[in-house]
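**Student:** After the structure tokens below, expect a handful of questions from me.
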Amino acid sequence: MDLFDYSGALHLEESAALETDVFIADAEDVETYPALPDLSAGTKNSDYVDLADATFTMKTGKKFYKFSATLERNSFESTLEGSRGAKSFVNMLTITKSGADKDLVGFLRANRNRRLIVAFKNLGATQYCVLGYKGLPAEVESGGVSVSAEVTGDKNTTFVIRSIFYPPLYIDEIPLTEAV
5 MDLFDYSGAL HLEESAALET DVFIADAEDV ETYPALPDLS AGTKNSDYVD
55 LADATFTMKT GKKFYKFSAT LERNSFESTL EGSRGAKSFV NMLTITKSGA
105 DKDLVGFLRA NRNRRLIVAF KNLGATQYCV LGYKGLPAEV ESGGVSVSAE
155 VTGDKNTTFV IRSIFYPPLY IDEIPLTEAV
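Throughout the sequence shown, residue numbering follows the working numbering, covering 5 to 184 in sequence.
Pasting the structure below:
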């Protein structure tokens, strides 16, 4: 048998890491949210988190804004937490940008208490992963600047986005142009 003739599922695209672009919208800028999946209608596991081609409708002049982070510095965790019969998801997205300057510190200050909707992609994924939803927005949980003492060391600005209750939701597209 020729190894390359093997037709089984090889799972060659299961590399870890996140794409560098993260998209952020103010929750107050969303006019209407996509409908959540109907938990009684699912026929496969992904039906419970896949928004597919549903859309966010933004208020006039509003959109998701791109934040370019640094490759291999970002991470995501989603855990199911809580007591028996009262479990919820806690989602944590860590975003790191190489550099520490007034624009990055200003970004942290301006968004530290803002109610957010955040979208990102796993490396090589086709759908966006979305954190935050109507009434349960994501927020900046923590953040800061780190400058190493060594000239060859790292200089980074990091912030952690947290959302609760809902699992990460998946959607095909997000609005990247201003709504009219």
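No residue lacks a Cβ here, since even glycine has one placed at the ideal position from N, Cα and C. All of these numbers come straight from a predicted model, not from anything done at the bench.
With a Cβ-Cβ cutoff of 8 Å, do Ser92 and Asn160 count as a contact?
**Tutor:** Not in contact: Ser92 and Asn160 (Cβ atoms no closer than 8 Å).
**Student:** Quick one: Cα of Pro187 to Cα of Glu32, how far?
**Tutor:** Because the chain here runs from 5 to 184, residue 187 falls outside it and cannot be looked at.
**Student:** Can you grab the Cα-Cα spacing for the pair Ser44 / Gly110, in whole Å?
**Tutor:** Computed Cα separation, rounded: 45 Å.
**Student:** Given this structure, state the Cα-to-Cα distance separating Ala29 from Phe68, to the nearest angstrom.
**Tutor:** Rounded to whole angstroms, Ala29 to Phe68 spans 5 Å at the Cα level.
**Student:** Tell me, please, which residues DSSP counts as bridged to Asp25.
**Tutor:** DSSP, once it has assigned bridges, lists Ser72 as partnering Asp25.
**Student:** Counting C-beta neighbours from all protein chains within 10 Å, is the total for Thr47 16 or more, i.e. buried, or is it exposed?
**Tutor:** When all chains shown are included, Thr47 counts as exposed.
**Student:** Shortest alpha-carbon distance to Pro172 belongs to which of Ser82, Pro41, Gly128 and Glu35?
**Tutor:** Closest option to Pro172, Cα to Cα, is Ser82.
**Student:** Using CA coordinates, which residue listed in Asp176, Leu84, Glu154 and Gly139 is at the minimum distance from Phe124?
**Tutor:** Nearest option by C-alpha distance: Asp176.
**Student:** Alpha carbons only, please: which of Arg119, Ser79 and Thr156 is nearest the one belonging to Cys133?
**Tutor:** Nearest of Arg119, Ser79 and Thr156 to Cys133, Cα basis: Ser79.
**Student:** Put Phe111 into one of helix, strand or coil per three-state DSSP.
**Tutor:** Three-state DSSP puts Phe111 in a helix.
**Student:** Among all the DSSP beta bridges, which residues are the ones paired with Ala123?
**Tutor:** Answer is Phe27 and Val134.
**Student:** How long is the line joining the alpha carbons of Asp57 and Phe169, rounded to whole angstroms?
**Tutor:** About 22 Å.
**Student:** List the endpoints of the continuous beta strand (DSSP E) containing Asp54.
**Tutor:** Residues Asp54 to Ala56.
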